[in-house]
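Only one structure is covered here, and it is reproduced in the block below.
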Amino acid sequence: MPTIAIVGAGSGLGQSIAKTFGSNGFSVALVSRTQSKLDALAAELGQAGIDAAGFAADVMDRPSLVDASARIKQRFGTVDVLEYSPAPHTPVPGITMASPLDVTVENIQPQLDYYLYGGITAAQQVLPDMLERGSGTLLFTTGAASLNPTQAAPEFANIAIAGAALRSWVLKLHQVTDGTGVYAAHVPLSVWIGTGGPETQPDTIAQHYWDLYTKRDGAEHHYNTF
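Per the working numbering, the very first residue in the sequence shown carries number 3; after that it's consecutive.
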């Protein structure tokens with residue numbers, strides 16, 4: 003049975019991606035900071051007949067992410083799909099927003115830890131195996147500001163910088179893995195999830211990820227409802 007690891011799993015989009023892939027025969031590894039929340043999400047998926055388990059880790063604590071990946075491999079074996087989308091719904095210690103005039107090295111660094119370094123670390127845990135067997139999918143999610151900084155308010159400046167850095171790395175990763183059987187893509191989301199019509203609902207957006215997995219076409223796929 004193939005396995006998807008969702009880093010940044012929550013009760014919104016992450017849970018919907020888990021249900022979408024799980025209903026198509028995937029086991030699901032859920033990764034976020036709080037084990038109790040992960041256990042609740044895994045139990046809900048289990049009630050739907052989906053094999054799921056949670057592995058607590060903090061993307062800003064790279065050793066914990068490495069440890070979680072090792073535990074995922076023990077539980078499920080190789081990871082076939084990695085989906086990285088660490089979107090905070092509650093304040094993350096050490097992370098602040100800053101406008102362009104207020105950006106400093108000090109307030110950019112935590113954003114880089116959160117988006118770029120966390121994403122690279124998560125990928126490093128699964129990419130060697132994917133390349134060796136010649137198959138695998140890596141999907142990295144950011145907000146619209148990574149693609150077009152003017153779509154976000156000025157106080158998102160340091161977030162936009164970090165998201166754009168992750169985007170650049172993913173596009174280069176797509177370039178070098180093309181033809182290897184490994185597919186890497188960036189998904190910038192321009193949507194307030196769950197706040198409007200059907201196109202804003204997590205289950206609808208999750209189908210976008212399934213389509214990327216099945217079609218494996220292109221390095222970047224913008225989901226836009228603005």
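Where a beta carbon is used, it is the ideal one built from N, C-alpha and C, also for glycine.
Note that the coordinates shown come from a computational prediction; the quantities given were computed from them, not determined experimentally.
For Ser192, DSSP records a beta bridge to Asn226. Secondary structure of Ile52 (DSSP, three-state): coil. Looking at the DSSP output, Thr143 bridges to Val189. Exclusion of the five residues before and after Ser13 leaves Leu43 as the residues of its chain whose Cβ lies within less than 7 Å of its Cβ.
Distances from the alpha-carbon of Lys217 to those of Pro156, Leu141, Gln126, Ser192 put Leu141 closest. In this structure, DSSP gives Leu149 a state outside helix and strand, which the three-state scheme calls coil. When the beta-carbon positions are compared, Glu85 and Ile19 come within less than 7 Å of each other.
For Tyr117, same chain residues with a beta-carbon under 6 Å away, outside a window of 5 residues either side, are Ala164, Gly165, Leu168 in chain order. Comparing alpha carbon positions, the residue from Thr182, Asn109, Val94 closest to Asp63 is Val94. The criterion of a C-beta distance shorter than 7 Å is satisfied by His223 and Leu214. A distance below 8 Å between beta-carbons, with the five flanking residues on each side excluded, links Ile8 to the following residues of its chain, in chain order: Gly16, Ile19, Ala20, Val30, Ala31, Leu32, Val33, Glu85, Ser87.
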